[in-house]
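The structure appears right after this line, and notes come after that.
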Ligand code: PRX
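Numbering (the UniProt record's numbering), first residue to last: 1 to 653.
Here's what the structure looks like:
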């Protein structure tokens, strides 16, 4: 923690759409008269049929359900494209920067105007229809960060097909699970992806995944040419994206869709079981994405907005694509990574395109900070006026560096707390309204009513720390877990009856600022990627030599949290360095590189209660190297295992 407060700069207080008074006024109205507030805010979208109902939402079991603007009709793709054509048809909608800069053969990148985006989306939407895709069908998108990812999402939205974007770093197993769970009929992928100069075999991964599926689901695979590598194309199943769209009409009328029709499924990790398909719908989600994009980033027409997240995550959905395009913004899409070809890449791209607003994850900032200031200061960054952070708590040191070095002290930082489930930013500063405290996400967005509760659900008042819950629905709230509405209710609304439980711990200071302290469940946040410890455990126990595994997070300088795995081998197997390496590779193959364990400790036994429950608290303490406060271990079935675990603690950094 640090006590430094950065007041709203005078020019921001004067110019910003939301200043202190306006924030207070609108926040008050959003809670005291939500009907009026949302009726007005939803007018930011074009409705083909106006809604009369605002919210019919309840978190109580008997009346449970979430619904916004339910009798309205609209088309998300028309809201993101068509309505901007008259005024900004020739304005860039998407600026795309390839993995390698031009001098390294990466090519010049692409600038796609709103008019061109319209044509591309219409052609693909017609292409999807020609392949038999209809409203409600699921389409899996497994693409690199190329414009076709956004085009594919928007083409689905145009015809009411439900997209499920799977991050390009996921393994064939992970793709298969996600395709199977929602019975996708079609996959859009690319021959290969490029990231940090390395080739990602996307099509080959899809081929592998398809072999793992049970029963008929995927009928067609549409393959974008990214590298031009000759990839296997299965007769009758696989077809070229370019050939498909070339054969279509450049016009596709936007279907009239209901506000509560599904827009997308996005899989995310929870504390138990396999990843769940978070479902978002049309009207509420787009209202929320658009409103937060405008207010949190104080977005002004003509500005270049760069959200550095991958479209495989919710941040990419809401701020690379939907929120930005709904607001007629120019959104920058970067294919690569922050440190390739060198540590100046982000800042050079900012200069190249004169980016005004830059939004990234703390893990990337920490990695760049470590390399020294020269990589930053040798670039200009004069165009920047606002910085953002998302995905994990930002430590004050990284915040200060971002502010002082990247933003040269002139750019406010919006530290936005939210989740896949919440659709868009929930607790966040607004640059013209909020005096900033490094490391605090500060205050709730309009319509968001946070509470801190203790383990028994008692509401905690004033300066305090507890579990973060939200007491009322907001338009961008997820509507269900795909295929399992009961799981939706049980996961989020039963821990604290009648309230949405975020899974996060949080502190509120004497000034009312919220400080997210991290997950309080068995979810860990590794480099801003959300991971269920149970997922890594089940990958480990799927290995022939592993009898049991327990996975916890531990503080990691760069990643925020690292993955620490305790592994018990089968009776006849012996620990070795080779086996350790094999297990690391195994998890990478089962889930994907983002799940790579940082530490594997072979453990003859795990600390369990007499009823067989693993005491994770103890494992966390050992992983954190905080062995002096292990607490009471006398209730363990075999307290002696703890001494062994401590003595053989692996050298976690
Ligand atoms: O623990 C919180 C953390 O990321 C979790 C949500 O992860 P995901 O659904 O993948 O969405 C990430 C992008 C919105 C949260 O439960 N988190 C997200 N943003 C912040 C954060 N923790 C602290 N500060 C943030 N700004």
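We treat Cβ as the ideally placed atom computed from N, Cα and C, and that holds for glycine. Owing to the predicted nature of the structure, the values given are computational and were not obtained by experimental measurement.
Rounded C-alpha distance that separates residue 10 from residue 384: 17 Å
Can you say whether residue 61 is buried or exposed, counting buried as having 16 or more other CB atoms within 10 angstroms of its CB? exposed
One question on the structure: do residue 95 and residue 353 come within less than 8 Å of each other, judged by their Cβ atoms? Yes, these two residues count as a Cβ contact at 8 Å.
If we ignore side chains and look at the alpha-carbon of each, how far apart do residue 533 and residue 620 end up? Spanning the two alpha carbons is a distance of roughly 12 Å.
On the three-state DSSP scale, how would you describe residue 19? coil
Would you say the beta carbon of residue 392 comes nearer than 7 Å to a heavy atom of the ligand PRX? yes
Thinking C-alpha only, which one of 207, 230, 263 is nearest residue 237? The candidate whose alpha carbon is nearest that of residue 237 is 207.
Helix, strand or coil at residue 560 according to DSSP, with G and I counted as helix: strand
What separation, rounded to the nearest whole angstrom, lies between the Cα atoms of residue 36 and residue 422? Their Cα atoms are separated by approximately 22 Å.
Keeping to the same chain, check which residues put their C-beta closer than 6 Å to that of residue 224; ignore five residues upstream and five downstream. 148, 190, 241
Tell me which same chain residues have a C-beta within less than 6 Å of the C-beta of residue 636, skipping the five on either side of it? 607
Specify the secondary structure class of residue 309 as computed by DSSP and reduced to three states. coil
Can you give the beta carbon distance from residue 178 to residue 166, rounded, assuming they're within the 8 Å contact cut? The beta-carbon separation of residue 178 and residue 166, rounded to 5 Å, stays under the 8 Å limit for a contact.
Candidates 498, 276, 544, of which the one nearest residue 696 by Cα: Nothing about residue 696 can be read from this structure; the chain reaches only from 1 to 653.
Using a threshold of 7 Å, is the CB atom of residue 494 nearer than that to any non-hydrogen atom of the ligand PRX? Not a single heavy atom of the ligand PRX lies less than 7 Å from the C-beta of residue 494.
Expressed to the nearest angstrom, what Euclidean distance is found between the alpha-carbon atoms of residue 123 and residue 58? 40 Å
Roughly how many angstroms lie between the CA atoms of residue 481 and residue 265, to the nearest whole one? Roughly 9 Å between the two C-alpha positions.
Which of the three DSSP states is assigned to residue 68 in this structure? strand
If residue 168 and residue 193 are in contact, beta carbons under 8 Å, what's the gap, nearest whole angstrom? The Cβ separation is near 5 Å, so the contact holds.
Closer than 7 Å: is that where the CB of residue 389 sits relative to any heavy atom of the ligand PRX? yes
Name the residue from 341, 552, 479 whose alpha carbon lies nearest to the alpha carbon of residue 104. 341
For the segment 326-377, list the beta strand (DSSP E) runs that are entirely contained and at least 3 residues long, ordered along the chain. 330-334, 357-360
Taking contact to mean at least 3 C-beta pairs separated by less than 8 Å, is the segment 293-306 in contact with the segment 275-284? no
Do you know offhand how far residue 80's Cα is from residue 331's? Residue 331 has its alpha-carbon roughly 12 Å from the corresponding atom of residue 80.
Report yes or no: do the segment 285-297 and the segment 469-486 share at least 3 C-beta pairs separated by less than 8 Å? yes
Contact test: residue 292 Cβ vs the ligand PRX heavy atom, cutoff 7 Å: Checking every heavy atom of the ligand PRX against the Cβ of residue 292, none is found closer than 7 Å.
Using DSSP with H/G/I as helix, E/B as strand and the rest coil, what is residue 496? coil
How far does the alpha helix (DSSP H) with residue 276 in it extend, from its first residue to its last? It is not in any alpha helix (DSSP H) - residue 276 instead sits in the beta strand (DSSP E) that spans 276-281.
How would you call residue 653, buried or exposed, if buried means at least 16 neighbouring beta carbons within 10 angstroms? Note that residue 653 scores a pLDDT of 46, beneath 50, so its modelled location is shaky and nothing firm can be said.
Residue nearest to residue 145 in terms of C-alpha spacing, selected from 648, 183, 310, 271: 310
Locate the beta strand (DSSP E) running through residue 656, then write down its first and last residues. Only positions 1 to 653 of the chain appear in the structure, and residue 656 is not among them; the question remains open.
Can you give me the C-alpha to C-alpha distance between residue 565 and residue 472, rounded to a whole angstrom? Going from the Cα of residue 565 to the Cα of residue 472 covers about 37 Å.
Is residue 534 close to the ligand PRX? I mean its beta-carbon at under 7 Å from any heavy atom of the ligand. Not so, every heavy atom of the ligand PRX lies at least 7 Å from the Cβ.
Coil, strand or helix - residue 167 by DSSP: coil
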